[in-house]
Amino acid sequence: MDSPTGKNSATQAIAEIRESLGERITTAQIVREQHGKDQTWNPGAPPDAVAFVHRTEEVQTIVRVCGKYGTPVIAFGTGTSLEGHFSAPFGGISVDLSGMNRILEVNAADLDCRVEAGVTRKLLNTHLRDQGLFFPVDPGADASLGGMAATRASGTNAVRYGTMRENVLNVTAVMADGSIVRTGSRAKKSSAGYDLTRLLVGSEGTLGIITEVALKLYGIPEAIVAAVCPFRSVEACCNATITAIQMGLPVARIELVDAEHVKA
Numbered sequence: 003m004d005s006p007t008g009k010n011s012a013t014q015a016i017a018e019i020r021e022s023l024g025e026r027i028t029t030a031q032i033v034r035e036q037h038g039k040d041q042t043w044n045p046g047a048p049p050d051a052v053a054f055v056h057r058t059e060e061v062q063t064i065v066r067v068c069g070k071y072g073t074p075v076i077a078f079g080t081g082t083s084l085e086g087h088f089s090a091p092f093g094g095i096s097v098d099l100s101g102m103n104r105i106l107e108v109n110a111a112d113l114d115c116r117v118e119a120g121v122t123r124k125l126l127n128t129h130l131r132d133q134g135l136f137f138p139v140d141p142g143a144d145a146s147l148g149g150m151a152a153t154r155a156s157g158t159n160a161v162r163y164g165t166m167r168e169n170v171l172n173v174t175a176v177m178a179d180g181s182i183v184r185t186g187s188r189a190k191k192s193s194a195g196y197d198l199t200r201l202l203v204g205s206e207g208t209l210g211i212i213t214e215v216a217l218k219l220y221g222i223p224e225a226i227v228a229a230v231c232p233f234r235s236v237e238a239c240c241n242a243t244i245t246a247i248q249m250g251l252p253v254a255r256i257e258l259v260d261a262e263h264v265k266a
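The sequence shown runs contiguously to residue 266 in our numbering.
Below is the structure:
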């Protein structure tokens, strides 16, 4: 028999998930609307319910139950998306990972750490500051690191430090069948098996829900110098940038702004 679909299936899934999560799954309209609208002008599409999880095993339970009833599952971090990642046009269960906000380990000597998906970029860097370390990927918003991995976020520091693709060592994820997968070890180089980390980083929740992320860390620069250079044309600006990078200058961030941006 085919799995039930539609509102009836969502109702059944919500009831079964509530047996595990209790009041941490809600169908309150205001909460659903908050989890279905991103920070753009696009109209939101709220889910049928929002589940607030604290552990990977709770995500596993939700995925398995929703799989049984054919109910969509949407991962939600901090809600900073500009591309409708957590919109729910077909309803379903929004899995709010913001409660999974523990920094699990920091290995200062090896320049890496492991965090839960709900840890934000600013929270991690605040924790690392006293150790002289930082995580450089800066998409602008204070996004969750799980969401940054899922969307393969970048930012103005990418010219020197790369994007999330280069800075994620491995992830723990709950796959569509409810299985829990850890994609690798802390080793900086491994040729054992497929590179599942790169497959999941940037998958935007289509393959699984990322619940933990292991990241590369860097030393905080002893000194930072900033400069503003005016150019008469975009071509001249691009040529100067290319020359600076080819000369080996340790440029960490480059931004191009026009007169209107400067006025703003």
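C-beta atoms are modelled at their ideal positions from N, C-alpha and C, and glycine is treated no differently.
- Note on geometry: alpha-carbon atoms of G81 and A51 lie some 16 Å from one another.
- A distance of 8 Å or more separates the beta carbons of I95 and A151.
- Per DSSP, M102 is not a residue of any beta strand (DSSP E), being assigned neither H nor E.
- L106 places its beta carbon 8 Å or farther from that of V55.
- Residues A53 and E60 of the same chain have their beta carbon placed closer than 7 Å to that of L23, with the five preceding and five following residues left out of the count.
- As far as DSSP is concerned, R34 takes part in no beta bridge.
- For G149, the enclosing alpha helix (DSSP H) stretches over residues L147 to A152.
- From the listed residues L171, V33 and A225, the smallest Cα separation to G134 is found for A225.
- Y71 counts as buried, since at least 16 other C-beta atoms from the protein chains shown sit within 10 angstroms of its C-beta.
- Within 10 angstroms of the beta-carbon of S89 lie 16 or more other beta-carbons, which makes it buried.
- Per the C-alpha coordinates, the member of D140, G149 and A216 positioned closest to H87 is G149.
- Excluding five sequence positions before and after R66, the CB atoms of its chain that fall closer than 6 Å to its own CB belong to G180, given in chain order.
- 8 Å or more divides the Cβ of D114 from the Cβ of L202.
- Distance from the CA atom of G221 to the CA atom of V139, rounded to whole angstroms, is 13 Å.
- From the listed residues A228, A175, V215 and T185, the smallest Cα separation to T208 is found for A175.
- Residue range V236 to Q248 is occupied by the alpha helix (DSSP H) that includes N241, with no beta strand (DSSP E) assigned at that position.
- The distance from the Cβ of S83 to that of T122 is about 14 Å, inconsistent with a contact at the 8 Å cut-off.
- A77 carries a strand assignment under DSSP once its states are collapsed to helix, strand and coil.
- It is roughly 59 Å from the alpha-carbon of I16 to the alpha-carbon of M249.
- Sixteen is the threshold: since fewer than 16 other Cβ atoms of the shown chains lie within 10 Å of the Cβ of V259, the residue is exposed.
- Contact check for G204 against A178 fails: the beta carbons are separated by 8 Å or more.
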